[in-house]
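Some notes on the structure that comes next.
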Amino acid sequence: MTRLLAQTTTTTGDDSLFGGVNDFFESGTWLVIRNMSLFFVAVFWLATAFWVYKDARRRIDDPWLVAMATVLGLIPPFLGPIIYMFFRPPEYLDDVHERDLEIKAMEERLSQGELQCPVCRADVEPQFLVCPVCTTKLKQACTSCKAPLDAVWQICPYCETPVDTPTIVQELDQWQIAEPRRRRQRSE
Ligand SMILES: [Zn+2]
Ligand SMILES: [Zn+2]
Numbered sequence: 799m800t801r802l803l804a805q806t807t808t809t810t811g812d813d814s815l816f817g818g819v820n821d822f823f824e825s826g827t828w829l830v831i832r833n834m835s836l837f838f839v840a841v842f843w844l845a846t847a848f849w850v851y852k853d854a855r856r857r858i859d860d861p862w863l864v865a866m867a868t869v870l871g872l873i874p875p876f877l878g879p880i881i882y883m884f885f886r887p888p889e890y891l892d893d894v895h896e897r898d899l900e901i902k903a904m905e906e907r908l909s910q911g912e913l914q915c916p917v918c919r920a921d922v923e924p925q926f927l928v929c930p931v932c933t934t935k936l937k938q939a940c941t942s943c944k945a946p947l948d949a950v951w952q953i954c955p956y957c958e959t960p961v962d963t964p965t966i967v968q969e970l971d972q973w974q975i976a977e978p979r980r981r982r983q984r985s986e
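Its first residue numbered 799, the sequence shown is counted upward by one per residue in the working numbering.
If you want it as structure tokens, here you go:
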């Protein structure tokens, strides 16, 4: 009698457990949890695709390629954005544009013939005798009127004193003239 009673209790215990699990899966709570999970997965999926779209717009100029990247961000879900990250352009368009502007400005400055110190690359004026930054001797002063003289001048144009050009200054000056030309050739 006691054994039988014990048996029945265990059976009813099992039944109530499985019944509870079945009830749970059939109940509204499970439906709500399942729907919420699906909803969050869908939101996360759309968010990753939107991130791909935003990132592609900052990196890619062509609207068709941006559209293709966005489609890749949507399909396959979650894997698409990872594939996109492998193949996306490494630089932002803004950075590329900024660098182009900098290069253009540098080229303009070189073509305008602005002088630079051959040692430290600081901007120098044509009448400077020494570089104010690194104190490199740039030009020789006229012995009579102290005017700055170009290396190729044979006579001071201000006071007609003949120029006695030291070779070091001449070499520096030639190097300074040749350097921008060489750099421009390389950038072409
Ligand atoms: Zn200098
Ligand atoms: Zn002079």
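By construction, the Cβ of each residue, glycine as well, lies at the ideal position given by its N, Cα and C atoms.
- VAL850 and TYR882 do touch by the CB rule: their CB atoms are close to 5 Å apart, below 8 Å.
- When secondary structure is reduced to three states using DSSP, ILE873 falls in the coil class, being assigned neither helix nor strand.
- For TYR956, there is no enclosing alpha helix (DSSP H), as DSSP gives it neither H nor E.
- Inclusion of LEU891 and ARG919 in the CB contact set at 8 Å is not warranted, their separation being larger than that value.
- Our two residues, ALA854 and MET904, have alpha carbons roughly 30 Å apart in a direct line.
- Within the stretch 813-857, the complete alpha helix (DSSP H) segments at least 4 residues long are 826-857, listed from N- to C-terminus.
- Distance from the C-beta of CYS943 to the nearest heavy atom of ligand 2 is below 7 Å.
- In this structure, the CA atom of VAL917 is about 10 Å from the CA atom of LEU936.
- At least one heavy atom of ligand 1 falls within 7 Å of the beta-carbon of VAL917.
- Note on CYS940: 16 or more other CB atoms within 10 angstroms of its CB, so buried under the neighbour-count rule.
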